[in-house]
Every structure is written in structure tokens, then in C-alpha cells.
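According to our numbering, the sequence shown holds residues 12 to 116 in order. Think of the CB as a built atom: it goes at the ideal place given N, C-alpha and C, for glycine as much as any other residue. Owing to the predicted nature of the structure, the values given are computational and were not obtained by experimental measurement. As C-alpha cells, the structure follows; a few thoughts come after it.
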Amino acid sequence: MAIAIGGLFGAIAGNQIGQQLDEADRAMAGHSLQQSLETSPVGTASGWTNPDSGNSGQTVPTRTFATSNGTPCREFTTTVNVGGQSQEAYGTACRQADGSWKITN
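This is the structure we're talking about:
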């Protein structure tokens with residue numbers, strides 16, 4: 012899960028909103044991202060909320076496809092909400108041999 016979090020939240024962490032995410036926020040976001048990529052149908056949002064910080068977010072898979080070697084991949088959007096401000100990011104993730112999803116761009 013750390014690979015996915017680092018790949019996605021690296022871009023978000025560089026801005027003011029991302030700097031306000033604590034470790035629990037990042038863990039919840041990463042878990043939600045993995046679950047969404049694994050189980051959510053295209054167009055269906057799945058979210059997370061940290062009751063301690065009040066921060067939240069959601070991920071929506073937007074496309075499912077396979078690479079030329081058959082690796083399952085998904086494009087997605089994710090939104091992080093911190094203190095009334097939102098940051099949206101887009102990405103593509105592919106399933107790894109161990110079943111986790113790794114962001115490829």
C-alpha cells in the first residue's frame with residue numbers, strides 16, 4: 012500500500028492541502044484507494060473520513076483495461092478534502108503479482 016500512497020499523494024503532499032494530511036489520513040486514503048481499485052465498479056465512488064482530523068476523500072475508478080501482457084489496470088480520480096478545500100488528482104494503477112495496486116502515472 013505504501014507504493015500506491017507515495018505515488019499518488021506525492022503530488023498532493025507538495026501543496027498546502029497535502030501538507031495538512033497526517034499519518035492516519037494517509038493510511039485511510041491508501042486503504043480506500045486499494046479497496047476502490049480492487050472492488051469498485053467504474054464510476055462508483057468509495058470514500059474515507061478521519062473522524063479525528065475531519066479530513067476526507069474519495070476515489071472513483073474511471074476506466075478498467077489490461078496491458079498487452081494481461082496485467083489489470085485502472086484509471087481513477089481521487090479527491091482529498093481538508094479544511095473545506097479540495098484537491099483532485101488523476102492516475103493509473105496496475106495490479107501487482109502480490110495483489111496490491113501500484114500507481115504507474
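* Asked: From Val-53 to Thr-89, what distance separates their C-alpha atoms?
  -> Residue mapping note: residue 53 aligns to position 42 of the sequence shown, counting from 1. Residue mapping note: residue 89 aligns to position 78 of the sequence shown, counting from 1. Going from the Cα of Val-53 to the Cα of Thr-89 covers about 13 Å.
Review point. Who does Arg-85 pair with in a DSSP beta bridge?
Key: As a working note, residue 85 is residue 74 in the sequence shown. Note: Arg-85 sits in a beta bridge opposite Thr-75 and Ala-104.
For Gly-58, name the three-state secondary structure that DSSP assigns.
As a first step, residue 58 must be located in the sequence shown, where it is residue number 47. The answer is strand: DSSP assigns Gly-58 an E or B state.
Q.
Please state whether the Cβ-Cβ distance between Val-91 and Leu-32 is less than 8 Å.
A. Counting from one through the sequence shown, the residue named residue 91 turns up at place 80. Counting from one through the sequence shown, the residue named residue 32 turns up at place 21. Taking 8 Å as the Cβ cut-off, Val-91 and Leu-32 qualify as a contacting pair.
- Decide if Gln-98 is buried, meaning its Cβ has at least 16 other Cβ atoms within 10 Å, or exposed. On the sequence shown, position 87 is the one that residue 98 refers to. Buried is the call here.
Checklist line | Candidates Val-93, Thr-75 and Gly-94, of which the one nearest Arg-106 by Cα | finding: Within the sequence shown, the letter at position 95 stands for residue 106. The residue with the shortest Cα to Cα distance from Arg-106 is Thr-75.
N-terminal and C-terminal residue of the alpha helix (DSSP H) that Asp-36 is part of: Residue mapping note: residue 36 aligns to position 25 of the sequence shown, counting from 1. Taken as a continuous stretch (DSSP letters only), the alpha helix (DSSP H) holding Asp-36 covers 34-50.
Quick one, which of Ser-64, Thr-115, Ser-51 and Thr-50 has its alpha-carbon nearest Met-39's?
Along the sequence shown, read from residue 1 onward, the residue named residue 39 stands at position 28. Checking every option, the nearest Cα to that of Met-39 belongs to Ser-64.
- Task: Figure out for me which residue from Thr-103, Pro-83 and Gly-95 has the closest Cα to the Cα of Thr-70.
- Result: Here residue 70 refers to the residue found at position 59 when the sequence shown is read from its first residue. Of the listed residues, the one whose Cα sits closest to Thr-70 is Thr-103.
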